[in-house]
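Quick notes on the structure that follows.
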Amino acid sequence: MRTLPLILLTVGLTLAADEHPAPAPKAKTTAKVASAPPAHAAAPTEAGPATPKAALAELSAGNDRFVAGKRTRTLDTGHDAAMRAALVKGQAPFAVVITCSDSRVPDALLFDQEAGRLFTIREAGNAPDLQGLASAEYAVEHLGSKVIVVMGHTSCGAVKAVREANGKPLPGNLWALQAGMTGLLESTPQDPNEDAAAHIAHLETANARRQAQTLLDRSPLLRDLAAAEKLSVVPALYNLASGKVQFFKAVAVAVSAPEAHH
Ligand SMILES: [Zn+2]
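So the sequence shown is numbered by the working numbering: it starts at 38 and just counts up by one.
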């Protein structure tokens, strides 16, 4: 029963080359069939969800397992060598996670996804710079990721610092955090009825939403895929205390092509 038929790596299979011409060499991500299946029942070579909806559902289900203390995929520590052996052949992460560098946001654990399943980009304040954007494009275009989750978190020091600086440049290179959140404070002023903590919480959510929108605004590649419903970009907020990820509505993309409506 442990000799599973083997499952192939679906690397690179998901995007038709003629739809999205890929300028970069694809050699390293070309699909390969694992010829010698590792003899175990874990799923390091299991194909990920094939649609944005299914990908988001899997992240949500994984987070539910984490919150309930019932992780499954990240508890299988007895097969690490087999997992590495399978993954060395290629990767097909079904989701991109753009989140803060905060050490209390354990991306793989909180979605209960083992190596090879998530393509994670981490920068303080989950405000991806150009390199972060390029990383997201690479994952989606070359590795076939179906969903990008832009995830802020509660008690975010980066958001708090930007709020407290209130436009005054932070020291060193920290000004880049402020640049990454340009317009956040103006878009989300403190309500007279909310205290500082409530305002920060408000900003954390607003920042995740704005960063998700900015991602699509800055990337025609991601925008086209989202418009074709091959990709979802979803803002989210991770609660440090409960472990729960709150997913917000996916960023809407205006479909410009009139022939999209038959
Ligand atoms: Zn943070």
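Don't be surprised by glycine CBs; every beta carbon is placed ideally from N, CA and C.
Everything numeric in this text was worked out from a predicted model, so none of it was measured.
Residue i vs residue j beta-carbon contact at 8 angstroms
i      : j      : result
ARG260 : LEU253 : yes
VAL177 : VAL271 : no
LEU207 : ALA216 : no
ARG159 : PHE131 : no
ALA287 : SER269 : yes
ARG110 : LEU170 : no
VAL184 : ALA92  : yes
LEU124 : HIS190 : no
LEU147 : ASN100 : yes
Near ligand 1: residue i beta-carbon under 7 angstroms from a heavy atom
i      : result
ALA195 : yes
ASP139 : yes
GLY181 : no
ALA161 : yes
HIS239 : no
HIS190 : yes
For residue i, the residue or residues it bridges with in DSSP
i      : result
LEU274 : GLY189, GLN283
ARG159 : THR136
SER269 : VAL184
Short CB-CB distance (under 8 angstroms) between residue i and chain B
i      : result
ALA145 : Among the chains of the structure shown, chain B does not appear; only one protein chain is present.
*asked:* Whether or not the segment 281-288 and the segment 96-110 are in contact is what I'm after, with contact meaning three or more pairs of Cβ atoms, one per stretch, closer than 8 angstroms; do they touch?
replied: These segments touch.
*State whether the segment 162-174 contacts the segment 113-120, with contact taken as three or more CB pairs (one from each stretch) at a distance under 8 angstroms.*
They do not touch, by the three-pair rule.
*Inspect the CB distances between the segment 139-155 and the segment 209-227 and report whether three or more fall short of 8 angstroms.*
No: the two stretches stay apart, fewer than three of their Cβ pairs being nearer than 8 angstroms.
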